[in-house]
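Peer 1: One structure coming up, written as structure tokens, with questions to follow.
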Amino acid sequence: MEQIFRLLDCSDAEKIVLVEYQLEGNAKFWWRASRDTIFPPGTDVNWDEFVRAFNMKHFSDCAKDRKITEFVQLEQMELTVDQYEAKFSELSRYAPRLVEDREEKAKRFLKGLRTNIRKQLVPLNIRDSNEIDERAQLVEQELVREQS
């Protein structure tokens with residue numbers, strides 16, 4: 007959703023209106039019942055406050071801990087490099103302190119790659135996860151070509 011908001015250059019109020027159309031089930035009932043409590047009539051809506059309230063209600067500490075553990079244990083396995091990078095990026099949101107340092111993020115990304123890809127990248131001593139991702143995709147393409 008955040009990408010859509012940036013693309014459309016949405017205000018906080020517009021973000022919340024768009025999200026209202028996406029909510030389903032319990033989340034939709036919660037928002038209908040809680041909207042006036044979170045944003046009393048006459049007050050400005052704030053996207054960060056909405057996200058905080060939503061996450062407190064629908065995303066428990068236990069669920070967050072599971073996502074952090076999933077991130078720490080993430081390995082490429084049978085995923086393509088592109089799929090692995092997408093999963094890495096998705097899960098890293100739950101552990102921002104583990105990836106705030108550029109080099110640490112690169113090390114974590116590299117560590118999760120399949121051995122046959124990682125072995126070819128380690129000697130290059132790359133310190134940027136985006137560059138590792140690009141190089142890993144090239145290595146993966148070459149490995150696929152060799153197998154065909």
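Going from the sequence shown to the numbering used here is simple: count from 1 and add 6. Idealized CB from N, CA, C, for every residue including glycine.
Cβ atoms of Asn122 and Lys144: under 9 Å apart, would you say?
Peer 2: First, the residue type needs correcting, since residue 144 is Leu and not Lys in the sequence shown. The answer is no: Cβ separation not under 9 Å.
Peer 1: Tell me the residue span of the alpha helix (DSSP H) that contains Arg41.
Peer 2: 31 to 44
Peer 1: Cβ atoms of Ala59 and Ile44: under 9 Å apart, would you say?
Peer 2: yes
Peer 1: Quick check on Ile10: buried or exposed, where buried means 16 or more other Cβ atoms within 10 Å of its Cβ?
Peer 2: exposed
Peer 1: Whose C-beta lies closer than 7 Å to the C-beta of Trp37 among residues of the same chain, with five residues either side of it excluded?
Peer 2: Glu26, Leu29
Peer 1: Leaving out five residues before and five after His64 in sequence, what residues of the same chain have Cβ atoms less than 8 Å from its Cβ?
Peer 2: Asn32, Ala33, Trp36
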